[in-house]
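Number 587 in the numbering used here belongs to position 430 of the sequence shown; there are no gaps in the numbering.
For each residue, glycine too, the CB sits at the ideal point set by N, CA and C.
Contents: one structure, followed by commentary.
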Amino acid sequence: MGRLVLAGTLLVAFSEAAEAGSTRKVEIVTDPPGATVYIDDPGNGAACDATPCTINAPLGTPTIIIRLDKFEPIFEPLDVPKGKKPLFAKWKLKGALGTIVVDSPRGATVQVDGEDKGKAPIRLEVSAEPHQVVVYQAGKKLYDEFLDVATGDEVEVKPNAPGPDVADTGGEGEGEGDGDGDGGGSSADTGITGQADSAPRTSFLTAGVVMDVGFRSFTYDEPMTGNLRSETEGGQVILGPVVELFPMRLAGSSRLRGLSIFGRAQFGVRGQQLTGGMLMGQVSTFWGSYELSVRHRWNFGALGIEASGGYVRDQMRFNATNGNDINLVPDAEYQSIRIGAKLSYNMGDFEPYLAGENRVVLDGGVLATRFADAKATGMRGALGALLRFGPIIARAEASLVHYSWEFQSSADYQAAGATDSVKLISVLLGYAY
């Protein structure tokens, strides 16, 4: 029995020695790091999952295979002589490249992934992956497509509606910029909501600050009790952050790149004191607005069409030192499902737009509880323009939000309905990342 154990031990030791004698350690380093290393055949499995690393390479001249996304693969024989000291091997990886060619119209501005690359005719070496190519001439968009560029390929761009050649004036800045950042909606309380990505861009995140100044007019239809007073409020200010994320761009996909998730939160920074009527104490206004929406934009040349839907909450409320005074003012908090559309025209760094939306009101807040039954509907319209300075976006907008009420009177509150109209002026400043 002891002889069998001894024989087995010697056999294992001999096998290990033979294996050690047939391989040699090799330290593999790549620039950039993170590459996968194979020996002879990728089908044998990875010898190393991520460089830098050390592998056991067979003696002789094995073929070292190195792969990393967005870089050209390497297939090179490596001389591995006998020896105990580890070998060192380093490779600098070359980016997987292709070429985009724009020959005409001469003098037209060429953008790739939102960046100006020069004037046609031009040859551009780009990474082997999808790219958005936009061609402008005299402020008009002639071409806007995503191109799949493979390693070593030469892709020729032919504008759909080429115009006459123009002289190269040396940088007109006709490009759309790297994002419109419009992604920040504008007021909500007053119902201003941001409009989704109005220009082709490669940025996946837009963040900014939006400020709205609102003017409210609330009137009852056929009021029958003295506790129903009309209300006007002017110069209400709400301010807050807006964020827009483009998930498909973040994932590096060439599909649904106009899809975005938009969020906005605005808080009151300037209230207004109410006086007169039956008020017994101090009453001040308190506004706020919040939104979470999904949006998608389609471009047809310079024309942009956007569809969106989501949740919006508009607060037009009050603070009072005497609790009974709240019952005398139109304290409303509109929680709605919004369905919107937007039409825009891209003129390079300047883009005017027209937007509208319908609001399905789910809850009207305290105001609705005062009547036996209350139903509200809402609409919003906006007219505005975007201005881009590279990644910086500015927007100015005027909008009207209109809520209509139908009431069934209660013992204490008697009216047929009401109209709540809010006019807004909005300014946004954002940055596209």
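Nearest neighbour of T180, chosen from D197, P189, K241, G202 [CA to CA]
K241
Among the residues of its own chain, which have a CB less than 7 Å from the CB of A422, if the five just before and after it don't count?
G397, P398, Y447
Starting from T193, follow the beta strand (DSSP E) in both directions and report where the run begins and ends.
Start and end: 193-196.
Under the three-state DSSP convention, the category G336 falls into
Interpretation of G336 is limited by its pLDDT of 38, a score under 50 that renders its predicted location unreliable; the figure taken from the coordinates is listed afterwards. Residue state, collapsed to three classes: coil.
In whole angstroms, give me the CA-to-CA distance for I418 and A575.
34 Å
Helix, strand or coil: how does DSSP classify P199 here?
helix
As assigned by DSSP and simplified to three states, the class of T350:
Any reading at T350 is ruled out, since the residue's pLDDT is 33, under 50, leaving its predicted position unreliable.
Would you kindly check if the distance between the Cβ of A477 and the Cβ of G438 is under 7 Å?
yes
Note down, one range per segment and in chain order, each beta strand (DSSP E) of at least 3 residues found wholly within the segment 268-295.
272-276, 279-284, 287-294
Let me check understanding here. Comparing Cα to Cα, which of V306, N503, L407, D530 lies closest to G252?
V306
Is the segment 514-533 touching the segment 561-568 in the sense that three or more CB pairs, one from each, lie closer than 8 Å?
yes
Identify the continuous beta strand (DSSP E) that holds R181 and give its terminal residues.
180-188
Where P262 and C205 are concerned, what is the direct C-alpha to C-alpha distance, given to the nearest angstrom?
49 Å
Spatially closest choice to I362 from F403, I395, L385, Q393, by CA coordinates
The amino acid at residue 362 is misidentified as Ile; the sequence shows Leu. Measuring from the Cα of L362, the nearest candidate turns out to be F403.
Just to confirm, are L244 and I221 a CB contact at a threshold of 7 Å?
No, they are not a contact pair.
For L485, name the three-state secondary structure that DSSP assigns.
Three-state result, L485: helix.
Hey, L519 and R537 are a contact pair by Cβ (cut 8 Å); roughly how many whole angstroms apart?
With 8 Å as the limit, L519 and R537 do not qualify as a contact, their Cβ atoms being about 16 Å apart.
What three-state label does DSSP hand G420 in the structure shown?
strand
Quick check: the Cα distance between I582 and P189, rounded to an integer number of angstroms?
50 Å
Assign L413 to one of three DSSP states: helix, strand, or coil.
coil
Assigned exposure category for T218 - 16 Cβ within 10 Å defines buried:
exposed
Quick check: G415 and L449, are their CB atoms within less than 7 Å of each other?
The answer is no: Cβ separation not under 7 Å.
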